[in-house]
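Trainee: Take a look at this one; I'll ask things after.
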Amino acid sequence: MKYIATIICTAVGLLALITYVHMLMPTEKQLDNKFIFEQKVNNVTMTFSYINKQTKEVSMSPRYIQRNLIIPAEITHHNTRYRIVEFSKEYSLDCDTLFIPESIKNIDDRVMNWDRCKINYISVDPNNKIFNSKDGNLYKGDSLIYEAKANIKEDYNDEK
Numbered sequence: 080m081k082y083i084a085t086i087i088c089t090a091v092g093l094l095a096l097i098t099y100v101h102m103l104m105p106t107e108k109q110l111d112n113k114f115i116f117e118q119k120v121n122n123v124t125m126t127f128s129y130i131n132k133q134t135k136e137v138s139m140s141p142r143y144i145q146r147n148l149i150i151p152a153e154i155t156h157h158n159t160r161y162r163i164v165e166f167s168k169e170y171s172l173d174c175d176t177l178f179i180p181e182s183i184k185n186i187d188d189r190v191m192n193w194d195r196c197k198i199n200y201i202s203v204d205p206n207n208k209i210f211n212s213k214d215g216n217l218y219k220g221d222s223l224i225y226e227a228k229a230n231i232k233e234d235y236n237d238e239k
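Pasting the structure below:
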């Protein structure tokens, strides 16, 4: 009888401990804006964080920016397709031109106000092909993710 009482008390105590630890764990809502993965996009390492976990919408932030960086509208990571809806600056930018799809809803103000980086908005069809560029810098039909080509005039002046 003494052993049965010990087993029951241990089980109840263990259940109470598990319940307490589970309450301390973050909920799905708390995990929404957390870092989820890092991936190279057009030879630049990008970090991705959830904006909306259910719809697979993510924020994209570059480790650094090369000249004439083309931001994708979507990215695939481990066979899951994510829609990029926000572009933010995590580190310093060093670029002449950013090509950003119109589907990106939010751009960090630190990117927009940075005076050495020209931002061009581009339209993209559902197959991730560019079909319209506001300033004519991208060729029609090129892939936005890895094969887009930029025809940038070398008119940038480093001196201030």
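Residue numbers (the working numbering): 80 to 239. Ideal Cβ placement from N, Cα and C applies to all residues, glycine included.
1) Could you check what DSSP says for residue 113 in three-state terms: helix, strand or coil?
2) Measure the CB-CB distance between residue 183 and residue 165 and report whether it falls below 9 angstroms.
3) Measure the Cβ-Cβ separation of residue 115 and residue 139 and say whether it is below 9 angstroms.
4) Can you name the start and end residues of the beta strand (DSSP E) that residue 80 belongs to?
5) Using the Cα positions of residue 241 and residue 80, report the straight-line distance between them to the nearest angstrom.
6) State the CB to CB distance for the pair residue 137 and residue 130, rounded to an integer number of angstroms; the pair is presumed to be in contact (CB under 8 angstroms).
7) Report buried or exposed for residue 99, applying the criterion of at least 16 other Cβ atoms within 10 angstroms of its Cβ.
8) Would residue 83 be called buried (16 or more neighbouring beta carbons within 10 Å of its own) or exposed?
9) Put residue 134 into one of helix, strand or coil per three-state DSSP.
Mentor: Well, looking at it:
1) Coil at residue 113, not helix or strand.
2) In contact: residue 183 and residue 165 (Cβ atoms closer than 9 angstroms).
3) In this structure, residue 115 lies away from residue 139, with their beta-carbon atoms at least 9 angstroms apart.
4) Unbroken run through residue 80: none, as it is neither H nor E.
5) No answer is possible for residue 241: it lies beyond the span of the chain, which begins at 80 and ends at 239.
6) That belief holds up - the Cβ atoms of residue 137 and residue 130 are roughly 6 angstroms apart, short of 8 angstroms.
7) By the beta-carbon neighbour count (other beta carbons within 10 angstroms, threshold 16), residue 99 is exposed.
8) Residue environment analysis places residue 83 among the exposed positions, since fewer than 16 neighbouring C-beta atoms fall within 10 angstroms of its C-beta.
9) Residue 134 falls in the coil class under three-state DSSP.
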